[in-house]
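Enquirer:
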Amino acid sequence: MTANRTLALVFVVASIVFLTVMVPELNQQQASMGGGFYSVGPSALPTFAGAMVLLFGVVMLFTDRPVPGEAGAFTAGIGMGLLQIGLFGAYALGLSTIGFLPASILFLAAIFLIYRAKNWLVAASLALGLPILVDALLRKIFLVPLPGASFF
Amino acid sequence: MDPLFQALYGFAEPATFLTLVLSVVIGLIIGAIPGLSVNIAVALAVPLTIFMPTDQAMVMLIGLYGAGIFGGSVSAILLNAPGTPASAATIFDGYPMAQQGLSTKALRLSLISSVFGAVFSIGLLILLAPQLASFALGFGPVEIASLLFFTFLVIGILSGNSLVKGLFSAALGMVLATVGSDPMLGIPRFTFGSTALMDGLTYVPLLVGLFAVAEIIEEATRGFSQSLGKVDLSGEDRAANRISLREILGNIVPMTRASAIGSAIGILPGIGATIASFLAYADAKRSAGSKGNFGNGDPRGVIASESANNAVVGATFIPTLALGIPGDAVTAILLGALVLQGVSPGPLIFVNSPDIVYTIYFALLGSTLLMGLIGYPAMRMLSLTLRIPKIYLMPCVALVCVAGSYVARNNVLDVYVMLAAGILGFIFNRTNVPVAPLLIAFIITPSFEEALRQALTRSRGSFEPFMINPVALTLVAIVIGLVGLTIWRQGKLRSEKAQVERMGV
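As they're listed, the protein sequences go chains A and B.
Each residue of the first sequence is one higher than the last, beginning at 870 in the working numbering.
Each residue of the second sequence is one higher than the last, beginning at 48 in the working numbering.
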C-alpha cells in the first residue's frame, strides 16, 4: 500500500469515528442545553467538514496510483525523523517539569550529540547561550515568563 | 486625526521603522537560506507580534514577507537550490548565469525586478482593494457564507497538483477549526474536558508546526547537513556584472508582463508565488521565441520569475483586505495576526480601521524600497548566509518554535499542538498533500460558520436564499468551471505522462 493510501485510510477511519461517535454527542449536549431554537446547531459544520474529509479520503484511497521511482520516498530517513519527533516530545515534557532553561539546554545538547555536530565550541555556545538569550528577550522585553526558574 | 496621517505618524515612529529595517534584513537572510521559507519566517515572528502595537506587528510581518521572497533567489542563483519555493523558476537561468561568472549580475537583476514587481502590485492593491471592499460592504450573511465557501473550494482546487488532495487538506482544516466553543450556543466541541481547548486550537502553534517543525523533521531525516555552501563572489569580473540603466529600461516590457501575470495570480486565492513565477517564465520564453537563450543564462528568465513572484505579494492583499480572504499561506498568517490584534479583516476594515489599511500600504512600499536599498550593496553578505550549516541552524529554529508556541497563550498544551501539527505537516509534505489549504480553511472557517448559521437561522433552515442569490450563483458557476478545467488539465497531464512512458519503453 502506498503512503498516500495509508494516509487516506487513516483519515477515512478517523472521520467515520468522528461522524458516528463524536458529532452525535454534540446533538445530545445541544438538546440538554435547550438550544432547539436554532435550526442549524453546533453539529452542522462538524458533520459537513467530517463528511468532506471522508469523501475526499475515500477518493484518495481508490484513485491513488504508485508513482514509479517514488517507492520508499516516504520512509527515507524516517528513523532520524522519528528520533527528532521524540526529542520534541521530551522537550515539551521537560518544559512543564524542569522548566524552559534546563529543558532547552538539554534539547540542544542532545541534538548536537545525536546528529554529531563537528564544531563543539559552536555547539556548546549555542546550547548554553541561545536558551538564556530567548528567555531574557521574552521576559525583559516582552514581559512573558517562560516556565520554570530563570537565571536572571 | 486623518487616518492617512495617523498611519504615517505611526509608521515614522523610531520603534516601528527600526522594526521594518530589522524585519527586511532578517527576511533577506532567512529567505536566502534553503529550507527556511518565507512561511517559516513569518510563522516564527507571529508570537512576537502578539505583544506589539498593530502597526508595528504588521510592519514586521510584511517586511519579512516581501524581503523573504526576494531572499529565496540568492540560493536559487548561487546554489541551484531555491531558498523559497517561489524562486524555483529563477534557477533555470539564474544558475547558468552564475556558472558563467555572472552571479552578481543575476542577483542584481533579480533584486531590481523584485522591486519592480512589488511596486507594480502595490499600486494595483491601492487602486483595486477599496473598490472591491466598497462593493463587498453590501454583502449579507448569504453572500459572505457563499464567498467563504467559494474560497474553501478554490484553495482546495488550485493549491498543489491534485484537486482531491487540496480539497482533502482544506476539509481537514475545517474540521480542526470546529474544536472549541460553538460560536452561537457556547457548547464545547471536541474539547475532551480541557478548558484550554475551549478557545479552540490556537493558530500560532498550528502554523509554526505546519511550516517550521515539519521542515525541521524533514531536515532531521537527512541528518542535518554539516557541509558549507562554497560560494565566493569576490573573484567575479566587476565590469561584466555591472548593470546599466539602458539594460534596465530595455527589460521594462518583460518586467511589466511578468508583474501583470504575478498580480493576476496573486488576486486569486490559493495559487501563490510559485505558480506565478513559472507562468511568467513560460510567457517570457514564449514571447522571446527563437531570439531567447532561455535555460542557458538568459537574464529575462531571472527577470520574469522574480518580477512575478514579488508581484504576488501586493496582489494577495487585495482579497485579504477587501474580502477577508487570504490569497496565500502568508496572507492567511497575516490575517490571523490581525485577528490576534483585535482587528476584524474584511470590507469593514476600510470603514472601521482605515489607519491599519494605510499602515499596510506604507509597510509594503517601505519594505520594498528598503529591500532594494539594503539588498543591492549586500549581495556578498547575503551569499555568506549559504555557509551556515543546518546542524547549528535548525536546532536553534526548533527552540524558537517551542518558545513561540508557548508564549501565544502561556500554555504547554500549545507545544503539543505544535508538535502534532509538525508531524501532520511532515506527512503532508511527504505525500504531496498541500498544507496551505488546511491553514487557510482553518482561518476562514469561524467566519464561514457564523455567516452560514446566521443565514440559515434567518431562513429557518432553508437553503433557498443561496439558490436565488446572484453572488452565490455566480460563484457556483466559477467553481464548476474551475473543477472542469482542473480535471481536464490533470487528465491531459496523465495522458502526456503515459505517452512519455510508452515512448521510453
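The C-beta atom is built at its ideal place from N, Cα and C for all residues, glycine as well.
From a predicted model like this one, the values you see are computed outputs, not experimental measurements.
Would DSSP call B:Ser-228 helix, strand or coil?
Expert: strand
Enquirer: Run through DSSP, which three-state label would B:Pro-235 get?
Expert: Residue state for B:Pro-235 is assigned as strand, using DSSP reduced to three classes.
Enquirer: So, do the region 353 to 362 of chain B and the region 65 to 84 of chain B have three or more beta carbon pairs nearer to each other than 8 Å?
Expert: Touching, no, given that fewer than three Cβ pairs across the two stretches are closer than 8 Å.
Enquirer: On the premise that B:Met-245 lies in contact with B:Pro-252, defined as a C-beta separation below 8 Å, what is that separation, rounded to the nearest angstrom?
Expert: The beta-carbon separation of B:Pro-252 and B:Met-245, rounded to 16 Å, does not stay under the 8 Å limit for a contact.
Enquirer: Checking contacts by CB at 7 Å: is A:Ile-967 closer than that to chain B?
Expert: no
Enquirer: Report the start-end ranges of each alpha helix (DSSP H) in the region 148 to 191 of chain B that is 4 residues or longer and not cut off at the edges.
Expert: 150 to 183
Enquirer: Roughly how many angstroms lie between the CA atoms of A:Thr-932 and A:Ala-942, to the nearest whole one?
Expert: 19 Å
Enquirer: On the DSSP letters alone, give me the boundaries of the alpha helix (DSSP H) that A:Leu-1030 sits inside.
Expert: Shown here, chain A extends from 870 to 1021; a query on residue 1030 of chain A therefore has no answer.
Enquirer: Taking just the CA atoms, how far does B:Ile-322 sit from B:Gly-213?
Expert: 15 Å
Enquirer: Between which two residues does the alpha helix (DSSP H) containing B:Asn-399 stretch?
Expert: 396 to 399
Enquirer: If we ignore side chains and look at the alpha-carbon of each, how far apart do A:Val-886 and B:Phe-489 end up?
Expert: Straight across, the Cα-Cα distance linking A:Val-886 with B:Phe-489 is about 21 Å.
Enquirer: Can you find a CB in chain B that lies within less than 7 Å of the CB of A:Ala-872?
Expert: yes
Enquirer: State buried or exposed for B:Thr-521, treating a residue as buried only when at least 16 other CB atoms are found within 10 Å of its CB.
Expert: exposed
Enquirer: Quick one: give me the first and last residue of the alpha helix (DSSP H) that B:Val-93 is part of.
Expert: 85 to 96
Enquirer: Leaving aside the five residues before and after A:Leu-962 along the sequence, list all residues of the same chain whose C-beta is less than 7 Å from its C-beta, in chain order.
Expert: none
Enquirer: At 9 Å on the CB atoms, spell out the chain B contacts of A:Phe-981, in chain order.
Expert: Ile-438, Tyr-439 and Pro-442
Enquirer: Shortest alpha-carbon distance to B:Ala-369 belongs to which of B:Val-523, B:Leu-179 and B:Ala-59?
Expert: B:Leu-179
Enquirer: Given that B:Arg-28 touches chain A, what residues does it touch there, using C-beta distances under 7 Å?
Expert: A query on residue 28 of chain B cannot be resolved here, the shown segment of chain B reaching from 48 to 552 and no further.
Enquirer: Kindly give me the distance between the Cβ atoms of B:Val-189 and B:Pro-512, rounded to whole angstroms, as I take these residues to be in contact under 8 Å.
Expert: 5 Å
Enquirer: State the CB to CB distance for the pair B:Leu-254 and B:Leu-486, rounded to an integer number of angstroms; the pair is presumed to be in contact (CB under 8 Å).
Expert: 6 Å
Enquirer: How would you list, in chain order, the residues of chain A whose beta-carbon sits under 7 Å from the beta-carbon of B:Asp-102?
Expert: Correct list: empty, because the minimum Cβ distance to chain A is about 17 Å.
Enquirer: Just mark B:Asp-634 as buried or exposed, buried being the case when its beta carbon has 16 or more other beta carbons within 10 Å.
Expert: Because chain B is modelled from 48 through 552, residue 634 of chain B falls outside the range shown and cannot be assessed.
Enquirer: Sorted by chain position, which residues of the same chain lie with C-beta nearer than 7 Å to B:Ala-445's C-beta, five sequence neighbours on each side aside?
Expert: Excluding positions up to five away in sequence, the list reads Ile-263.
Enquirer: Based on Cα-Cα distance, which residue from B:Val-89, B:Val-377 and B:Arg-333 lies nearest to B:Ile-318?
Expert: B:Val-377
Enquirer: For B:Gly-203, does the three-state DSSP call read helix, strand or coil?
Expert: helix
Enquirer: Determine, for A:Leu-977, whether the minimum Cβ-Cβ distance to residues of chain B falls below 7 Å.
Expert: The Cβ of A:Leu-977 sits closer than 7 Å to at least one Cβ of chain B.
Enquirer: Taking the straight line between their C-alpha atoms, what separation do you get for B:Pro-301 and B:Ala-351?
Expert: CA-to-CA, the gap between B:Pro-301 and B:Ala-351 works out to about 6 Å.
Enquirer: So which of B:Leu-65, B:Leu-95 and B:Val-71 has the shortest CA-CA distance to B:Leu-387?
Expert: If we check each option's Cα against that of B:Leu-387, B:Leu-95 comes out closest.
Enquirer: Should B:Asp-284 go down as buried or exposed, given a rule of 16 or more other Cβ atoms within 10 Å for buried?
Expert: So B:Asp-284 counts as exposed.
Enquirer: B:Ser-557 lies in the alpha helix (DSSP H); which residues open and close that run?
Expert: Any property of residue 557 of chain B remains undetermined from this structure, which presents chain B solely from 48 to 552.
Enquirer: Pop quiz: A:Met-949 and B:Gly-270 are said to be a contact at Cβ under 8 Å. What is the actual Cβ separation, rounded to whole angstroms?
Expert: 6 Å
Enquirer: Using CA atoms only, rank isn't needed, just tell me which of B:Leu-69, B:Ile-515 and B:Val-404 is closest to B:Ala-54.
Expert: Minimum Cα distance to B:Ala-54 is reached at B:Val-404.
Enquirer: Verify the CB distance criterion: does A:Phe-957 have a CB-CB separation below 7 Å to chain B?
Expert: Yes, because at least one Cβ of chain B sits closer than 7 Å to the Cβ of A:Phe-957.
Enquirer: Using beta-carbon positions only, say whether B:Leu-171 and B:Ser-354 come within less than 7 Å of one another.
Expert: B:Leu-171 places its beta carbon 7 Å or farther from that of B:Ser-354.
Enquirer: Out of curiosity, what's the CA-to-CA distance linking B:Met-441 and B:Glu-266?
Expert: 8 Å
Enquirer: Going along chain A, which residues have a C-beta under 8 Å from B:Thr-478?
Expert: Ala-872, Asn-873, Leu-876 and Phe-943
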